[in-house]
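Below: the structure, in structure tokens.
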Amino acid sequence: LFDVPKANKETADAALQALFSLAGNIELEEAKYQALYSEENDEEEDDNVEGWSDERNTLTKEEKAELDKAIQPVRLVLTKVCCAAFAIKNSSTLILPQWFTTLEELELDEQMMPRDVTTRWNSTYDMVDFACEFREALDAITANRSMNL
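According to my numbering, the stretch in the sequence shown is residues 1217 to 1365, in order.
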């Protein structure tokens, strides 16, 4: 529901174009991460969704468009937080050291920001909860233009 929509990038409105631009290749990077993670953990996932239904399927085209418009700001925030988490974790020479320095300066516990992982149902919540708790550090590191976040 809150993922970047699968739509034609050429026909998208300005807000959706900005979201596509911001998200970049995050799905490709996520797929690489998932492939690596699944190789490290050979345990099978239980995706039993028996009895679940997607309520969007009951909506009319107009209702879906209205819902998409209403949740656009949430998608944008989640995409920004997800991109920041990915950048912090995967920039071991520039952003990651600055992240730990920022945490130390703000006298916060040194912790890695959790990533949103599609196969982990609670990971989006964990990432957003962490972002709220460490908002001051995230604000500081994203305000530093040399980090390109």
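Ideal Cβ positions, reconstructed from N, Cα and C, are used throughout, including at glycine.
Query: Counted within 10 angstroms of its Cβ, other Cβ atoms place Asp-1332 as buried (16 or more) or exposed; Result: buried
Query: Three or more C-beta pairs below 8 Å linking the stretch 1271-1284 and the stretch 1302-1318; Result: no
Query: Stretch-stretch touch, CB-based, cutoff 8 Å, three pairs: the stretch 1318-1330 with the stretch 1348-1364; Result: yes
Query: Whole-angstrom distance between Ser-1269 and Cys-1299, CA atom to CA atom; Result: 29 Å
Query: Any C-beta of chain C under 8 Å from that of Pro-1330; Result: The chain inventory of the structure shown lacks chain C, comprising one protein chain alone.
Query: Assigned exposure category for Arg-1291 - 16 Cβ within 10 Å defines buried; Result: buried
Query: CA-to-CA distance, Pro-1289 to Ile-1304, given in whole angstroms; Result: 23 Å
Query: For Glu-1349 and Leu-1324, the rounded distance between their alpha carbons; Result: 10 Å
Query: Status (buried if at least 16 other CB within 10 Å, exposed otherwise) for Leu-1275; Result: exposed
Query: Leu-1354: first and last residue of the uninterrupted alpha helix (DSSP H) it sits in; Result: 1351-1359
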